[in-house]
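Note that the sequence shown covers residues 1 to 637 in this note's numbering. All remarks here apply to the structure that follows.
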Amino acid sequence: MRPNKTHFLLSLLIVFFLNYDKFILHCRSQFQPLNPPITQGFTCNPNQTQTTYSCQAYALYRASPPNFLDLASIGDLFSVSRLMVSKPSNISDPSASLFPNQPLFVPLTCSCNTVNSSFSISSANLNYTIKSGDTFWYVSTYHYQNLTTYPSVQVVNPNLVPEKLAIGDNAIFPIFCKCPDRTQKANGTNFMVSYVFQPSDSLSAVAATFGVPLKSIVDVNGNDVKPLDTIFIPVNRLPILGQGNTNSSSSPPALLPPAAATRERKGLIRGLEIAIGICGGLLVLLIGVLVYRERVFGKWRYKQGKQSREIHAEGEKGLKEMEAGLMADVSECLDKYRVFKVDELRDATDGFSDDCLIEGSVYKGDIDGVQYAIKKMKWNAREELKILQKVNHSNLVQLEGFCIDPEEANCYLVYEYIQNGSLHSWLHDNDKTNPAKKLSWKTRIRIAIDVANGLQYIHEHTRPRVVHKDIKTANILLDANMRAKIANFGLAKSGRNAITMHIVGTQGYISPEYMADGVVSTKMDVFAFGVVLLELVSGKEATDEEGNSLWEDLGSVRRWVEDDGVDEDSEEGEGYGGSMESSVVNVLTVAAACVNVDPLKRPSMMDVVYALCRSDDELFFDISDDDGLTNPKVTVR
């Protein structure tokens, strides 16, 4: 055998051996059960009077390696918090690791969801982001453990082609559930538990496990129940799960039946035998390589130059392919935005020099006589671009274009340049050398209305609605006319309310429900906006030097405004003007409502805009533009 063939065979075996686990995982992902569930879902009538939609329901789920052995990962999968799983599952420590096959009760919000004009299914629709290797069948079977089926997923995702799923695609997975009807409620049924019927199960055993009469299960599901079907257990209250071991008598049967477990063990043993055989063959080949080493070394060095040139050519080809792939990711943006070249941006920013740096990774650049703000970032801008292409409002910073640099895996977002910088700098930078850098009360309230209008737009006029998630004075920019624009959609979330365990944001602006349970909703933007209002009124930072939050002590804000805030001698109060007592009281009232600890008691941004415009109308008649530097005393009741 010639040396080059030996080298090729050795490389092939090494690659195969190093990727053996991936090969096995791929094979398993392609395997499908002999008799998988084929249901497209449990039909329902959203207008029926016998059943209440929506309702609280639960699913029996099993902790499973390697990805779902903690409540955080399981909570993310079902869009709930750890506490929402730990409490009904009889787990005292939500941060503790779980053991394989540990039973859990996961809460669901069950609804009758319309798929088309003639078809509705009873389900809890969960958002899921497609990852590498995912298929509808694989996620339904392994991640959601047959609590839904791939035919049902296909039905509710008509815009996704199952054979052409891309990483990052958002899909809906309908978890099967049911709400009790009036008769069942009258008989004491409070919840329906979704349970996947196992091959080793019997209906009588399941009834005994949940402590309910067999007839109640048969009445809901019938007698013809097959393995891997989702059935519904009507319960007055959830049984207490024994969490000491997998064989607890209060737990439903294990997900894997004995026959399946035996087959899996045999498969693992066979895999180990193959791996050992490969290791032995590899050892023999390595010895052979040592024998050939001296003979082939000279030829190898001769060929090295040629191979280096080929690798370089392949590298350039790979960069072009990467650029093409990244451009495909944002193909829907190509017609709407200008695509800049990297050299254009480098020239505009003098090679991204510190002299052109605005803040963070944002640079000021001049292209063809037009000034832009250029945001430099690693390739993680796809979601931000998808959101920005949907919005167009005068109180949102306008995206002008973007650029992709595959060599450094960078993406650049090119925005309109906003001349007067951030609201934070106007409120909190102590620039005593520039007394003109003060904000009159009328200007402050106009800024508040501008921001409120921008938030109302993304909350109520985008489909699906957008949550900014990072409203703060540093992300509010002021143009040449001192009108406000919301910037930085890097953390924005598009879609329905969600739960996350990855808490991000700025201290002092983060809402309590997001900090505690990771609840993402428009109400978190309302909360942050309330903090901005408090800053506009008081001139104080969102957090002080000791880390105390401004919103947590509304009383001190009221006292400060009453005693010192708009007095002529108060530095923070400079710039307020005119007869504005009722306006200040109104804005403080709006701010207090926005930072309510209970998100359900916070107003919508439409209500906020209406309330602030009332204050603006009063100021329009009471304050002239020349009143901005007068500072009469105002008493706040």
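Every residue gets a Cβ at the ideal spot worked out from N, C-alpha and C, and that includes glycine. Predicted, not measured: the structure shown is a model, and the values here were computed from it.
Inter-residue Cα distance where the pair is H461 and L455: 10 Å
Let's see if you can read the secondary structure: which residues bound the beta strand (DSSP E) around N410? 410-416
From what residue to what residue does the alpha helix (DSSP H) around N125 run? No alpha helix (DSSP H) contains N125, which is instead part of the beta strand (DSSP E) from 119-129.
Taking DSSP as the reference, what is the three-state secondary structure of G103? For the record, residue 103 in the displayed sequence is Pro; it is not Gly. Strand, per DSSP.
Continuous beta strand (DSSP E) assignments of at least 3 residues falling wholly in the stretch 481-553: 484-486
Under 8 Å between C-beta atoms of V397 and K341: no
F232 by DSSP, collapsed to three states: which one? strand
Proximal residues to S86 (C-beta, below 7 Å), its chain only, five neighbours per side dropped: L71, P94
Residue range of the beta strand (DSSP E) that L439 falls in? Neither: L439 is in no beta strand (DSSP E) and is coded neither H nor E.
I'd like the ranges of any alpha helix (DSSP H) spanning at least 4 consecutive residues and lying wholly in the stretch 125-174. 150-156
Beta-carbon spacing of I175, L104 below 8 Å: no
Quick check: V106 and F68, are their CB atoms within less than 8 Å of each other? no
If we call anything under 8 Å between Cβ atoms a contact, is A591 one with V526? no
Beta-carbon proximity list for I358, same chain, < 6 Å, skipping 5 on both sides: K364
Through-space distance from M515 to I503, alpha-carbon basis: 7 Å
With a threshold of 7 Å on Cβ separation, who are the neighbours of G168 within its own chain once the five nearest residues in sequence on each side are excluded? T129, I130, R382
Let's test the definition: count the other Cβ atoms within 10 Å of the Cβ of A373 and tell me whether it reaches 16, buried, or not, exposed. buried
Note down the Cα distance separating T183 from A474, rounded to an integer number of angstroms. 56 Å
What's the gap between the Cα of F173 and the Cα of V609? 36 Å
To the nearest angstrom, report how far apart I449 and K375 are at their CA atoms. 27 Å
How is S111 classed by DSSP in three states: helix, strand or coil? strand
According to the Cβ coordinates, are R602 and K523 closer than 8 Å? yes
Using the C-alpha atoms, what's the distance from S521 back to I458? 12 Å
Give the single residue among M377, V218, S353, L83 whose Cα lies nearest to the Cα of E408. M377
Helix, strand or coil for L241, going by three-state DSSP, please let me know. coil
For I74, the residue or residues it bridges with in DSSP: Beta-bridge pairing links I74 to no other residue.
How far does the beta strand (DSSP E) with C356 in it reach, from first residue to last? Careful: C356 lies outside any beta strand (DSSP E) and carries neither H nor E.
Do the stretch 153-171 and the stretch 206-218 touch if we need at least three Cβ pairs shorter than 8 Å? no
How many Å lie between P199 and A205 at the Cα? 12 Å
According to DSSP, is Y372 part of a helix, a strand, or is it coil? strand
Taking only the alpha-carbon atoms, compute the straight-line gap between A498 and Y142 and give it to the nearest angstrom. 22 Å
Along the chain, where does the beta strand (DSSP E) containing E400 start, and where does it finish? 399-405
Is K390 buried or exposed, if buried means 16 or more other CB atoms sit within 10 Å of its CB? exposed
Who are the Cβ neighbours of T189 in its own chain at under 6 Å, not counting the five residues just before and after it? P180, P234
Supposed close pair F529, C594 - CB separation, criterion 8 Å: 6 Å
One question on the structure: do T114 and Q56 come within less than 8 Å of each other, judged by their Cβ atoms? no
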